[in-house]
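What follows is one structure encoded as structure tokens, with my remarks underneath.
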Amino acid sequence: MDREKFLDRISGAQKRAGRKIPSAEFSEEDVVSKPAIVGTPLEAFKRNFKANRGTLFESIDDLIKFLRAQGYKRGVIDAKAGAELPELAEEFEMLKSFDRANPDEAQFGVSRASMGIAESGALVLKDCDTADRLTSIAPWMHIALLDKTDIVQTIPEALAKTLTDTPYAIYVCSPSKTADVEGILIEGVHGPGIQACLLI
Amino acid sequence: MATQPIDDFCAKIKPSTKSAVGSASKETTAARKRIFEAAYPEAGKTDALRGIANAIKGQDLAANVRRAAESLERNGVKVLFAADAMEAKEQIAEIFKAEGVKNAVKVKSMTTEEIGLNSFLQSLGTDIVETDLGELIIQIEGEGPSHIVKPAMHRKRDDIAASFERHHVADSYDDNPQHITLNARKYLRKKFLAADAVITGANYVLAKEGAIALITNEGNARFSMAGAKIHIAIAGFEKVIPSAKELAVFLNLLARSATGQHSTVYTDFVSGPGSAKNSPQKMYFIFLDNGRSDILGSEFAEILKCMRCGACMNRCPVFRLISGHAYRATYPGPLGIVLSPLLAGERFCEYADLPKACTLCGACAEVCPAKIPLPDLVLKMRDLAKTKHCKVPNDINFAPFSFLATRPKLWRALVPLNRLANFLPLGAVKFGPLGRWLKTRTLPSFRGGLFRKWFKNG
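Right, here's the structure in full:
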């Protein structure tokens, strides 16, 4: 259908109904959950990320111990995070790119998070900081490298910075999950069963 | 004389369906309450936030849809407008033809259910696979969703496991829910990576930024958009909100209302073709009308503020007993009672029995995150069905009742006679209109006294 005709139908309906357009003004205070942002942004992020069943590491040594305990041998590191964490390559076979023919080849994927949101404990992954989207979604475990200075306090603050420099961004709160079978919570549906964050 | 279709359905519901739907709805309603109290302990804050959501959804749609279309185009998205379901389906088929799409994956979208997209594309020889676990469970059995958030709510694990084996989603029968999910993971991985195109809906369209927000728990939106080269999104025009700023209101309401989570696991923001490797190189967006502009100009306009969370049906005492398929349309529950007859167009009267599947208790309006006055709309819908002279089978003749109800003295004089109903052998009436009506209803015994008095005493 022609755009103008389509829009005319909408504006015609609005005129017919003759309703006043209400004010939709609101402040950040109206929206933000106060209990969720208690403490510094870093403290709130850590608390909420863990409450969402995220796995948090504050040092590379702790991460390596965890990967070892899982028995992992092979990971993939996103090209845009490639220069970081040289320690991983000393202990694990680290693939540089993702093989589409073999989506389960890497047991864990490492990529950069562009932001952290304290209020929801979410990681923000943007196309501008990610070379390949598959690194963060296909392996069983995803590790996001998050700079502590990139944590914002509230969802409104995050929204103001989400689409400013990238065509695509995603907020990730926890492991991928479903309750589609009898309402039972299962983690690791299409995305990671373990969602981790390494604070740097 | 035939019976009402909704009564026929209710007479045949399996006890397992009843218990599955009833318990899941109750649990989600309780989780919703707990999570809102935890997030907003201040008195009245949740309620105020719902009011803000209502106001945002009541903004100038014509201006915002125009702005959204222009912003999306600026971001490199090809924007199309569809007057009805058929036009939208043909537009998608044309894109598929022009781009050579043979395999497609879909991310759960009620709008595509509403227009019947899957069967249309399959009839043209395209392989289209649902990637949400619940949608996959019902797609392989050729069923429609029974709930807008939990489409397979009516199914039990043994039955899902048998179906997965029969349709080769799994190699063998395994009814452990963890294994059911793992089998779907393995099966759908191949589909994601082999797909030429992905079709999604849009939970919100941001007019200023020219972007859509997609909300999932499973990660299927991200995985599809890391596999396919073409992304087609379709949504009703009422999904447009002014900007990302307003999205803060909805991100704080939607997941809490829908599943009792503080946040949904994944919120994807897509404003055009991707820049990362393994991301769609082309994006199309279709604005759908399909009856919505008529609704916008009518006394039912409030229903367009719905954000499809399912809280109204989870809370509905009727839905809990009869399950979603009883409503025979894409949208069940209190939402469906209002929306389904309106979307049916000329087939309005086929759904004229739906507004009667309501006790007018008002619980749905209490939980609606957009503060839609659902019980008022249900009453208006009953009225519209009468005005349109829909013939509803087994319609009870209320003329004697209205005669008495408008004569208080006569009414009061006759009330004690109700006691006689306790001695009537109503259970023995097995035939005729009354027999059919009583088949799915149990009358309480008459106890007398004033209702106001019982109410006061709890």
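Which chain is which? The protein sequence lines are A and B, in order.
Residue numbering for the first sequence follows the numbering used here, beginning at -4 and increasing consecutively.
Residue numbering for the second sequence follows the numbering used here, beginning at 1304 and increasing consecutively.
Ideal Cβ placement from N, Cα and C applies to all residues, glycine included.
### Query
Hey, out of B/1642, B/1726 and B/1552, whose CA is closest to residue 1685 of chain B's CA?
B/1642
### Entirely enclosed alpha helix (DSSP H) segments - the stretch 1630 to 1711 of chain B, minimum 4 residues
1636 to 1646, 1666 to 1670, 1677 to 1690 and 1702 to 1708
### Query
Any beta-carbon of chain B closer than 8 Å to the one on residue -4 of chain A?
yes
### Query
According to DSSP, is residue 1734 of chain B helix, strand or coil?
coil
### Query
When the cut-off is 8 Å and only beta carbons count, does residue 158 of chain A lie next to chain B?
yes
### Task
Return helix, strand or coil for residue 1317 of chain B, following the three-state DSSP convention.
coil
### Query
Whole beta strand (DSSP E) runs in the stretch 1424 to 1476 of chain B with 3 or more residues, listed along the chain?
1430 to 1433
#### Entry: Sequence-distant residues of the same chain with beta carbon closer than 8 Å to residue 1377 of chain B, five excluded per side
1513
### Message
So, does the stretch 1434 to 1452 of chain B touch the stretch 1652 to 1660 of chain B, judging by three or more C-beta pairs under 8 Å?
### Response
no
#### Entry: Residues near residue 1552 of chain B in its chain [Cβ-Cβ closer than 7 Å; skip 5 each side]
1352, 1355, 1356 and 1359
### Message
For residue 52 of chain A, would you say it is in contact with chain B, using Cβ-to-Cβ distances shorter than 8 Å as the test?
### Response
no
### Query
Quick one: is residue 134 of chain A buried, meaning 16 or more other Cβ sit within 10 Å of its Cβ, or exposed?
buried
### Task
Compare the C-beta of residue 1362 of chain B against all C-beta atoms of chain A and say whether one is closer than 8 Å.
yes
### Task
Pick helix, strand or coil for residue 1520 of chain B, following the three-state DSSP scheme.
coil
### Task
Let me know if residue 1395 of chain B comes out buried or exposed under the rule of 16 or more other beta-carbons within 10 Å of its beta-carbon.
buried
### Task
Starting from residue 128 of chain A, find everything on chain B with Cβ-Cβ shorter than 8 Å and list it in chain order.
1525, 1528, 1529, 1577, 1579, 1580, 1581 and 1582
### Task
Please check if any C-beta of chain A sits within less than 8 Å of the C-beta of residue 1442 of chain B.
no
### Query
Over what stretch of residues does the alpha helix (DSSP H) that includes residue 1490 of chain B continue unbroken?
1480 to 1497
### Closer than 8 Å at the beta carbon, the chain A residues around residue 1491 of chain B
185
### Task
Would you please state the rounded distance, in angstroms, between the beta carbons of residue 102 of chain A and residue 77 of chain A? I believe it to be under 8 Å.
With a Cβ gap of about 18 Å, residue 102 of chain A and residue 77 of chain A do not count as contacting.
### Message
Against chain A, which members of the stretch 1699 to 1723 of chain B pass a CB distance test of less than 8 Å?
### Response
none
### Task
Report yes if the CB atom of residue 1331 of chain B is closer than 8 Å to the CB atom of residue 1339 of chain B, and no otherwise.
no
### Message
Starting from residue 1389 of chain B, trace the alpha helix (DSSP H) in both directions and tell me its first and last residue.
### Response
1388 to 1402
### Task
Would you check whether the ligand NAD has a heavy atom nearer than 7 Å to the C-beta of residue 161 of chain A?
Looking at this structure, you won't find the ligand NAD or any other ligand, since it has none at all.
### Task
Figure out for me which residue from B/1735, B/1549, B/1563 and B/1726 has the closest Cα to the Cα of residue 25 of chain A.
B/1549
### Task
Flag residue 177 of chain A as yes if its beta-carbon sits less than 8 Å from any beta-carbon of chain D, otherwise no.
Chain labels in this structure do not include chain D; the protein chains are A and B.
### Task
Please report the Cβ distance between residue 1739 of chain B and residue 1320 of chain B, rounded to the nearest whole angstrom; I am assuming they are in contact, meaning their Cβ atoms lie under 8 Å.
Not confirmed; about 22 Å, so no contact.
### Message
Among the candidates B/1722, B/1525, B/1669 and B/1611, whose CA atom is the shortest distance from the CA of residue 1347 of chain B?
### Response
B/1669
### Query
Do you know whose CA, among B/1415, B/1334, B/1703 and B/1429, lies nearest residue 1560 of chain B's CA?
B/1334
#### Entry: Paired residues, beta bridge with residue 1409 of chain B - DSSP
B/1433 and B/1502
### Message
Under DSSP, the beta strand (DSSP E) around residue 111 of chain A begins and ends at which residues?
### Response
110 to 112
### Message
If you follow the beta strand (DSSP E) that residue 1508 of chain B is in, where does it begin and where does it stop?
### Response
1507 to 1509
### Query
Is there a Cβ from chain A that is less than 8 Å from the Cβ of residue 1463 of chain B?
yes
#### Entry: Buried versus exposed, by CB contacts within 10 Å (16 or more), residue 1450 of chain B
buried
### Task
State yes or no: is the C-beta of residue 1412 of chain B within less than 8 Å of the C-beta of residue 163 of chain A?
no
### Query
residue 1327 of chain B versus chain A: which residues are under 7 Å apart at the beta carbon?
178
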